[in-house]
Every structure is written in structure tokens, then in C-alpha cells.
Amino acid sequence: MRSCSFFQGTVILTVSSLLIKFLGFFYKIFLAQAMGAEGMGIYQLIFPVFAVCHSLTSSGLEVAISRFTARSRGHEQSDYLWAGLFLTLTSSLVIGLFLWTRSDFIALTLLHETRCAPLLKFLAATIPLAGFHGCFCGFCLGRKNASLPAFSQLTEQAVRIGSVWLLYHIFLQEGMEITPMLAAAGLLTGEIASVLFILTFAANKTLLPSSLSACFHRCRTLLTMSIPVTASRVSLTLLQSVEAVLIPLSLRQSGLSSTEALSLYGILTGMSLSFLLFPNAVTSSLSAMLLPVISEEQAKGNMQKISQAIEYTLLFGMNIGILCMGIFLRFGKELGTLCFHQPLAGEFLQTLAWICPFLYLSGNLSSILHGLGKTSVTFFNQLAALLVRIFCIVLFVPFTGIQGVLWGLLAGELLLSFLDIRSVASYVTPSIGLDAYVLKPAAAMLLSMGGIHMLKPAASILGLFFQIALMGLGYLLLLFSFGIWKLLRPLFYVKASK
Numbered sequence: 010m011r012s013c014s015f016f017q018g019t020v021i022l023t024v025s026s027l028l029i030k031f032l033g034f035f036y037k038i039f040l041a042q043a044m045g046a047e048g049m050g051i052y053q054l055i056f057p058v059f060a061v062c063h064s065l066t067s068s069g070l071e072v073a074i075s076r077f078t079a080r081s082r083g084h085e086q087s088d089y090l091w092a093g094l095f096l097t098l099t100s101s102l103v104i105g106l107f108l109w110t111r112s113d114f115i116a117l118t119l120l121h122e123t124r125c126a127p128l129l130k131f132l133a134a135t136i137p138l139a140g141f142h143g144c145f146c147g148f149c150l151g152r153k154n155a156s157l158p159a160f161s162q163l164t165e166q167a168v169r170i171g172s173v174w175l176l177y178h179i180f181l182q183e184g185m186e187i188t189p190m191l192a193a194a195g196l197l198t199g200e201i202a203s204v205l206f207i208l209t210f211a212a213n214k215t216l217l218p219s220s221l222s223a224c225f226h227r228c229r230t231l232l233t234m235s236i237p238v239t240a241s242r243v244s245l246t247l248l249q250s251v252e253a254v255l256i257p258l259s260l261r262q263s264g265l266s267s268t269e270a271l272s273l274y275g276i277l278t279g280m281s282l283s284f285l286l287f288p289n290a291v292t293s294s295l296s297a298m299l300l301p302v303i304s305e306e307q308a309k310g311n312m313q314k315i316s317q318a319i320e321y322t323l324l325f326g327m328n329i330g331i332l333c334m335g336i337f338l339r340f341g342k343e344l345g346t347l348c349f350h351q352p353l354a355g356e357f358l359q360t361l362a363w364i365c366p367f368l369y370l371s372g373n374l375s376s377i378l379h380g381l382g383k384t385s386v387t388f389f390n391q392l393a394a395l396l397v398r399i400f401c402i403v404l405f406v407p408f409t410g411i412q413g414v415l416w417g418l419l420a421g422e423l424l425l426s427f428l429d430i431r432s433v434a435s436y437v438t439p440s441i442g443l444d445a446y447v448l449k450p451a452a453a454m455l456l457s458m459g460g461i462h463m464l465k466p467a468a469s470i471l472g473l474f475f476q477i478a479l480m481g482l483g484y485l486l487l488l489f490s491f492g493i494w495k496l497l498r499p500l501f502y503v504k505a506s507k
């Protein structure tokens, strides 16, 4: 039987994610032009702090709520939501208050950048709101209802961009300096908007718990899964924070000034990686819907459907990843120069193009492992990849500069994908050959790149984005001719018959 909820949910999340990425992409261009590369670097430095706080307060609970909601029915689902909200809001208020009062210390001692202090105060106010938002999204995904997460994220992004754009023009009229604090204020307004949207939705729904005692009982159940997930994510985000701080510090050791180091960091994280993660909207939507589906099929003991879901997820990720790798290899430099007026952003994008197949796979494989309850496996896989990246930063960056960071990203993603594939291999009964995963997509990518190269004399007439569209269309047509679409169709049949 066709899984309408899975297919519809994936489509809704994909469309909304593409819109969000599209808006966010141009928002990054706007911020880069408004604040400059150094301002982008300062702004990007606060996100590892947010990641640690979010991991401590809600990320593990989001996964647990989604998983247990998918395995429950009726009021029991609402009990998990209210239990998760209680745990999330309690911890969020404590962490947010600590971040607010210790922002100067964190900025100076941990981030080595005092200009981050006022940004951290805005971040402190967003943490409880983000936790509330995340719990509701996990609850809805557990019920295979993707509409609320999709529209709440769209609301958040639209309000964030709109508020920053409005403040930017007010600042210009008043002759005030444009600083990264403007973008941090946008984070807060976006989260406020998403929470108001969710409350409007919740007011029209019957989401009452069965009883107070039932909620406290669900708290214990949620904690059994969320504590290991939280512990692993906090450990990883702490190391990611170390990585983020080490990059500009190591760049200074290579002979760059503080301004040059922050500018390079801003170009890499705020510009090049924005391009690289844009296609991830498609695969991340599939990832969000996979966790509850895999969990439900495991509860039914339907290992054949789990094997099928894993295989077609790998196939889908590889086909998307190889196409994007070809696009960024061929057009990376032009994209960076055209959109950000930064040739370096294009050079970084071209170097990082090789990680696309692995980058788009890792999120989906991690979601599958979480759905199977293998939280410790995902932790150790991600830990190994992160340690490789940090090792490359410490060992190579002082001598090779930013190139060492790029090598670390490539090595880390390659290792993570290898470990994740090995971890899910025992659940797969192979039915698809290596040619469909690698050889046919690679051949389609090379042929479509060759076709675009033949049109090089007409490049100025066709325009950059039309050339990219032609290459993508050629790639898809070649995949159809190679018979890949026939293999991908069962991706939408991952749910068992009732």
C-alpha cells in the first residue's frame, strides 16, 4: 500500500525547506553585503553556543517525542507532548538565564571575541522559544503531520528576514552603524513569530493530556531515550564549538590578522556552506519523515520495509549528491563571485563540492539509526568524524591556512558516511547494484557536464543559472534513460500495508 502520509509529508517538508533555504540564501547575501565578511564571521561564532544550549534543552526531547508519539495513539500522544514541553521549558529557562548573565564571560573566555556578548543576550531569549517550537514539531512529525513544522518554519524565516530588513533601513535612515546585533535580533523575532503561529494552531486542537500523573510518567519514558541522545549531542556540539573557535585562532597562527581570520571564517561558514547546504533541503525533509516511519516499522517487526527504506534513501541521497557535486565543480567559482562578490567563496565551494554525496547521505542515515534506537552508534560515528576535523584544524591550518579546514571537512564527511553505511548494513538485504548508486549517476553527471562545456561559446548568452538548469535537466533525463527512476519509485512505498 502506498504510504500517502509519508509521501505527502516529505513533499510538504521539501517544498517548505526549499522555500526556507531559498529565502535564507538571499538573506545571507543581504547580510554579507550589509555587515561584510568580518561581521558575518562574528555572527557565525554565536551559533555553536546556540547549538550547545539547544542540545542541552530540547534536541534529545524532540527525537524522543517524535519516536514515542509514532508508537502511541490518542491521549497518550498528547501526554508525550506535554511531558516534553515541561522538561524543555524548565531546562530552557535555566540555560537561557545563565547565558544572559554570563554572556560577557562566554564571549571573552570561550569565543575570544568580546563583540559577541550582546548577540548572546538575544540568543538567550530565543532558547525557550526554540525549545517550545521544537517539541511541537517533533510531536507533529511523530503523527506524520508535516504541515505545522513546515508552515511554522516558513513563518519564522519570513518574519526574521522581514524584521532585519526593516531594522536595516531604519538604522540607515538614522545614521546608525550596521552590526551583527541586527541579525541576532532577527533570530529572536523569528522565534517569537513561530511560537505565536503554533499557539494559534494549538488553540483549535484538542491536545489536552489524559492526567497530570500520566504526564509525569511520560517524562520518565521520554528521559530514557532523550538523556542518551542529549548527552551525545551535547558532547558533539561542545566539540563543534571548539572546532568553530579553533578555526579563526588557527588562522591567526598561520599569520593572518584577527580581521582577516574572521573574514575567512565568515566567507566559509556564512557564504560557501550556505550554497553547499541549499540542496540539503530535499534530503533533510526525507530525514525528518524517516525517523517515525522506521520506528513504527521496527515496532511491527517489519524488517523488509526497513531494508527497503534504507536502500532507497541511499539511492536518493547519492543521486542528488552526485548532481550537486557536478554543479559546484563546474560552476562553483562563478556562483561565489556572482552572488557574494567573493571569489574565495567560489573557490571554497569548488573544493568542498566533493563532499556533497556524503553530506546529503549522513543526515538520512543518522535519522534511520535514531529510528532504530541506535543513538549510541550515531554518537560514536559523529564523534569520530568531528575529531578528524579538529585534528586537521590543529595540525594543518597553522601551516596551510584555510586549506587545512577544507581538508578536514572532506575527510570528516567521508569517514562519517562510511561508518553510517557500515552501521545500517546489517539491516539491509541488497536488491540494488553498485551501478545504480554510483556508476550511472556519475556517468550522467560527466555527460551533462560535457554537454554544458560544449555550450561554453554561448555561455554569455545563456547566463549562469540557465546553464545550471540545463545541466540539471540533462542529468535527470540521463537518469531516466538509465532506468534509475524505476528503482526510485518504491521509495514512496516504505510503509507497510495495514
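Everything in the sequence shown is counted per our numbering, starting at 10 for the first residue and increasing by one. Just so it is clear, CB atoms sit at the ideal spot from N, CA and C, and this is done for glycine as well. Fair warning: this is a prediction, and the values are worked out from it, not measured in the lab.
A direct Cα-to-Cα measurement between R80 and Q86 gives close to 9 Å. Minimum Cα-Cα distance from L344 among the listed residues V251, S259 and F284 corresponds to F284. By the neighbour-count definition (other C-beta atoms within 10 Å, threshold 16), L191 is a buried residue.
For V251, the uninterrupted alpha helix (DSSP H) segment begins and ends at L221 to Q262. Between A354 and I276, the C-beta gap is smaller than 8 Å, which places the two residues in contact. For P466, there is no enclosing alpha helix (DSSP H), as DSSP gives it neither H nor E.
Per the Cβ contact rule, the stretch 394-404 is not in contact with the stretch 430-442 (fewer than 3 Cβ pairs under 8 Å).
When the alpha-carbon of M327 is set against those of F405, Y446 and E306, the nearest one is in Y446. CA-to-CA, the gap between V403 and A126 works out to about 26 Å. Sequence-distant Cβ neighbours of L94 in its own chain, meaning closer than 6 Å and more than five residues away, are C144.
Around the C-beta of L181, fewer than 16 other C-beta atoms lie within 10 Å, and the residue is accordingly described as exposed.
DSSP, read as helix, strand or coil, puts N373 in helix. When secondary structure is reduced to three states using DSSP, L455 falls in the helix class. Under the 10 Å beta carbon count, F141 is surrounded by 16 or more other beta carbons and is classified as buried. For T387, the uninterrupted alpha helix (DSSP H) run begins and ends at T384 to T409, by DSSP.
P189 carries a coil assignment under DSSP once its states are collapsed to helix, strand and coil.
S26 carries a helical assignment under DSSP once its states are collapsed to helix, strand and coil. Contact annotation, S64 with R242: C-beta distance approximately 4 Å; criterion of less than 8 Å satisfied.
Inclusion of V433 and L485 in the CB contact set at 8 Å is not warranted, their separation being larger than that value. Three or more pairs of CB atoms, one per stretch, sit closer than 8 Å, so the stretch 360-376 contacts the stretch 333-341.
With fewer than 16 other Cβ atoms from the protein chains shown falling within 10 Å of its own Cβ, T233 counts as exposed. When I115, V103, A467 and V168 are compared, the shortest CA-CA separation from P57 is found for I115. Counting the other Cβ atoms within 10 Å of the Cβ of R431 gives fewer than 16, which makes it exposed. Taking C-beta separations shorter than 6 Å and ignoring five residues to either side along the sequence, the partners of S203 in its chain run H142, S161, T164 and E165, following chain order. The beta carbon of L32 is closer than 8 Å to those of Q166, A167 and I170 in its chain, skipping five residues each way along the sequence. With fewer than 16 other CB atoms across the displayed protein chains lying within 10 angstroms of its CB, G184 is exposed. F325 has its alpha-carbon roughly 15 Å from the corresponding atom of G481. Between the C-alpha atoms of I493 and L479 there is a straight-line separation of about 19 Å. When the beta-carbon positions are compared, L98 and C228 stay at least 8 Å from each other. By the beta-carbon neighbour count (other beta carbons within 10 angstroms, threshold 16), K449 is buried.
Excluding the 5 residues flanking it on each side, F287 has same chain C-beta neighbours closer than 7 Å at K30 and F34, in chain order. Membership of G335 in the alpha helix (DSSP H) is indicated by the continuous run M312 to F349. Using a Cβ distance threshold of 8 Å, A133 and L108 count as a contacting pair.
The alpha-carbon of S259 is positioned some 37 Å away from that of I201.
Short of 6 Å from the beta carbon of G330, and not among the five residues preceding or following it, lie these beta carbons of its own chain, in chain order: C365, P366 and Y369.
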